[in-house]
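For the protein sequence lines, the chains are A and B, in the order given. Using our numbering, you'd call the opening residue of the first sequence number 13 and step up by one each time. Using our numbering, you'd call the opening residue of the second sequence number 58 and step up by one each time.
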Amino acid sequence: NAGVTQTPKFRILKIGQSMTLQCTQDMNHNYMYWYRQDPGMGLKLIYYSVGAGITDKGEVPNGYNVSRSTTEDFPLRLELAAPSQTSVYFCASSYPQYEQYFGPGTRLTVT
Amino acid sequence: GIQVEQSPPDLILQEGANSTLRCNFSDSVNNLQWFHQNPWGQLINLFYIPSGTKQNGRLSATTVATERYSLLYISSSQTTDSGVYFCAVLSNFGNEKLTFGTGTRLTIIP
């Protein structure tokens, strides 16, 4: 099992540009999540999904969009990137209410 | 929402020393996880431990759910143990959000 994979590993965006962060898991988990981690802080939930076709907002959803068309994939879309979105983004997956497994992260800088 | 506090915030130890990290949480939980974030930023699952005691090599963890705390023990520390240790909990009430503590930064000196 590859577990949770994320691409790209690093990205630099200019203000106002858009991009999609990719996340794939091969553990057949129903639940998938996107978190962001700002320097020196713990992780905060952006969006989550309890199954294909179902998504819901987390703690910090503004400026982001998600979709879940398959069990395996959960892309995160940034529209009109802002410096406040400079962060490390982690994708995770789990069975309901159970242990969450995290991908390696995407380090995003918006300048 | 649920509050998660970790202590101490920073810990500097000599290689070979033992350490205890604490996580206090403010409400009942379904899920408690301990993670190690290494200097490269990777989050490594250490324990899934909503209650009871588990051991994995030099690491062990105990959660006393009724008293709302968890402890992570690291014995015979090695330099590769350096990094930030996070406790994260899933509340019994409502959403699927893992709430993270602010972490304990552990530095092991050779």
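A virtual CB, placed ideally from N, CA and C, is assigned to each residue, including glycine.
Q) In three-state terms, what does DSSP make of T17 (chain A)? A) Counting from one through the first sequence, the residue named residue 17 (chain A) turns up at place 5. Three-state DSSP puts T17 (chain A) in a strand.
Q: Please determine, among A:G28, A:V62 and A:T32, the residue with the shortest C-alpha to C-alpha distance to R119 (chain A).
A: Locating residue 119 (chain A) in the first sequence gives position 107, counting from the first residue. Ranking A:G28, A:V62 and A:T32 by Cα distance to R119 (chain A) puts A:T32 first.
Q. Does the segment 93-109 of chain A come close enough to the segment 33-51 of chain A to have 3 or more Cβ pairs within less than 8 Å?
A. yes
Q | Unbroken stretches of the beta strand (DSSP E), 3 residues or longer, contained in the segment 88-151 of chain B | A | 100-105, 109-113, 116-121, 126-131 and 140-148
Q) Does DSSP classify Q109 (chain A) as helix, strand or coil? A) For the purposes of this step, residue 109 (chain A) is taken as the residue at position 97 of the first sequence. If DSSP states are grouped into helix, strand and coil, Q109 (chain A) belongs with coil.
Q.
Quick check on this structure: which residue in B:V146, B:L163, B:W97 and B:I165 has the alpha carbon closest to the alpha carbon of E62 (chain B)?
A. Here residue 62 (chain B) corresponds to residue number 5 of the second sequence, with the count starting at 1. Per the Cα distances, B:V146.
(Q) Could you pull the DSSP bridge partners for I59 (chain B) from this structure? (A) Stepping through the second sequence from its first residue, residue 59 (chain B) is reached at position 2. In DSSP, I59 (chain B) forms no bridge with anything.
Q: Closer than 9 Å by beta-carbon distance: list the chain A residues that pair up with G158 (chain B), in chain order.
A: What you label residue 158 (chain B) is simply residue 101 of the second sequence in a count that begins at 1. Neighbours of G158 (chain B) on chain A, chain order: G54.
Q | Reference F143 (chain B), options B:H93, B:P65 and B:D67, closest by Cα | A | Here the question's residue 143 (chain B) lines up with position 86 in the second sequence. Answer by Cα proximity: B:H93.
(Q) Less than 8 Å between the beta carbons of D84 (chain B) and S139 (chain B), yes or no? (A) As a first step, residue 84 (chain B) is located in the second sequence; it is residue number 27 there, counting from the start. As a first step, residue 139 (chain B) is located in the second sequence; it is residue number 82 there, counting from the start. No; because the gap between Cβ atoms is not below 8 Å, this pair is not in contact.
Q: With 8 Å as the limit, tell me which residues of the segment 61-74 of chain A have their beta carbon closer than that to any beta carbon of chain B; keep them in chain order.
A: V62, D68, G70 and E71
Q. Can you pull the DSSP bridge partners for L55 (chain A)?
A. Position 43 of the first sequence, counting from 1, holds the residue named residue 55 (chain A). The partner list for L55 (chain A) (beta bridge, DSSP) reads A:Q49.
Q.
Using the Cβ count rule (16 or more neighbours within 10 Å means buried), how would you classify M53 (chain A)?
A. As a first step, residue 53 (chain A) must be located in the first sequence, where it is residue number 41. With fewer than 16 Cβ atoms within 10 Å of its Cβ, M53 (chain A) is classed as exposed.
Q.
Counting C-beta neighbours from all protein chains within 10 Å, is the total for W46 (chain A) 16 or more, i.e. buried, or is it exposed?
A. Here residue 46 (chain A) refers to the residue found at position 34 of the first sequence. Label assigned to W46 (chain A): buried.
(Q) Using 8 Å for Cβ pairs, my map puts L78 (chain B) next to L129 (chain B). What's the rounded Cβ distance? (A) Residue numbering aside, residue 78 (chain B) sits at position 21 when the second sequence is read from its first letter. Residue numbering aside, residue 129 (chain B) sits at position 72 when the second sequence is read from its first letter. Yes, L78 (chain B) and L129 (chain B) are in contact; Cβ-Cβ is about 4 Å, under 8 Å.
(Q) With H, G and I counted as helix, E and B as strand and the rest as coil, what does DSSP make of S64 (chain B)? (A) Taking the first residue of the second sequence as 1, we reach residue 64 (chain B) at position 7. The answer is strand: DSSP assigns S64 (chain B) an E or B state.
Q. Going by DSSP, which residues form a beta bridge with T156 (chain B)?
A. Within the second sequence, numbered from 1, the residue matching residue 156 (chain B) stands at position 99. For T156 (chain B), which the question treats as bridged, DSSP gives the partners B:V146.
Q. When the Cβ atoms of the segment 64-74 of chain B are set against those of the segment 117-126 of chain B, are three or more pairs found closer than 8 Å?
A. no
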